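A quick write-up on the structure given underneath.
Residue numbers (the numbering used here): 4 to 260.
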């Protein structure tokens with residue numbers, strides 16, 4: 004780490020840096036931002052790279068490499084200023100000016116998202132809520148009046164959202180996406196597992212909760228298998244653990260027990 008600066012040399016803005024940052028690093032920056040927000044709320048002023056890395060669940064070397072994309076941010080032997088680093092990451096992630104969000108689908112998931120206060124604390128203000136169910140239209144959710152999805156074109160023009168969220172049933176997701184694109188929305192987050200078709204200039208990100216749980220199921224199964232192998236090794240079970248070595252021949256590598 005080097006001497007601390009609020010912005011990179013030559014006054015390079017976060018927006019100018021965005022095109023040079025790998026997508027995997029961007030995902031980790033969002034994790035660092037979440038940790039920094041908690042530290043700031045707890046009144047922590049300085050955090051070391053090791054402490055931040057542990058809290059974020061990454062290696063300290065990877066964290067320092069990720070933060071190097073932001074320009075100089077730390078003080079050698081001291082650490083990172085929590086508030087300044089948080090603000091810097093927010094700037095690079097495009098959060099410093101905030102975002103206006105509309106959500107289509109006022110069912111259970113949509114209502115839960117509207118009621119989550121963490122979005123506003125992170126710069127995402129929910130400004131519009133839409134549905135096509137006559138029994139839901141006109142009701143209030145989180146202080147927002149649920150409007151008819153047919154009003155989207157005019158509402159988008161008036162509300163000027165930067166992001167739209169789709170939490171409708173799968174069968175309706177593509178139609179809602181088409182309406183949003185036609186209304187001029189260029190950034191869409193969908194909670195439907197259906198792959199949505201959108202023009203190349205529209206960024207669509209998909210959150211499939213079932214896939215995430217399947218990945219967790221795989222990790223659980225792998226952990227259980229590893230635990231069984233360790234137990235077998237500890238008990239000296241020759242069947243439970245088989246050692247392999249690789250022998251190189253003229254025909255290539257042969258794996259033998």
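All residues carry an ideal CB built from backbone N, CA and C; glycine is no exception. Predicted model only: the values in this text are computed from it and were never measured.
| Item | Value |
| --- | --- |
| Pair within 8 Å by beta-carbon distance, residue 107 and residue 50 | no |
| Contact check, residue 155 vs residue 186, beta carbons under 8 Å | yes |
| Cβ neighbours of residue 349 in the same chain (closer than 6 Å, five flanking residues each side left out) | There is simply no residue 349 to check, as the chain begins at 4 and stops at 260 in what is shown. |
| Distance CB(residue 201)-CB(residue 184) smaller than 8 Å | yes |
| Alpha carbon of residue 25 to alpha carbon of residue 138, nearest angstrom | 45 Å |
| Among 103, 140, 147, the one whose alpha carbon lies nearest that of residue 123 | 103 |
| Rounded separation between residue 100 and residue 140 - CA only | 31 Å |
| Cα-Cα separation, residue 30 to residue 59 | 11 Å |
| Where the alpha helix (DSSP H) containing residue 94 begins and where it ends | 85-95 |
| Identified DSSP bridge partners for residue 127 | 102 |
| For residue 206, the three-state DSSP class (helix, strand or coil) | strand |
| Residue 144 to residue 131 span [Cα, whole Å] | 10 Å |
| Residue span of the beta strand (DSSP E) that contains residue 192, given as start and end | 190-193 |
| Sequence-distant residues of its chain with Cβ nearer than 7 Å to residue 117 (five each side left out) | 106, 129, 132, 144, 145, 147 |
| Coarse secondary structure for residue 121, derived from DSSP in three states | helix |
| Buried/exposed call for residue 93, threshold 16 Cβ in 10 Å | buried |
| Residue environment, residue 221, which counts as buried when at least 16 other CB atoms sit within 10 Å | exposed |
| Same chain, Cβ closer than 7 Å to residue 164, five either side skipped, listed in chain order | 103, 104, 105, 130, 131, 188 |
| Close-in-space but distant-in-sequence residues of the same chain around residue 23 (CB under 8 Å, 5 per side omitted) | 72 |
| The region 227-237 touching the region 199-219, judged by at least three CB pairs closer than 8 Å | no |
| Beta-ladder partner(s) of residue 167, from DSSP | 105, 191 |
| Euclidean distance between Cα positions of residue 230 and residue 33 | 32 Å |
| Segment limits, alpha helix (DSSP H) that includes residue 61 | Here residue 61 belongs to no alpha helix (DSSP H), and DSSP marks it neither H nor E. |
| Where residue 199 falls, given that 16 or more other Cβ within 10 Å makes a residue buried | buried |
| Continuous beta strand (DSSP E) stretch holding residue 149: start and end | 147-151 |
| Beta-carbon proximity of residue 120 to residue 98, cut-off 8 Å | no |
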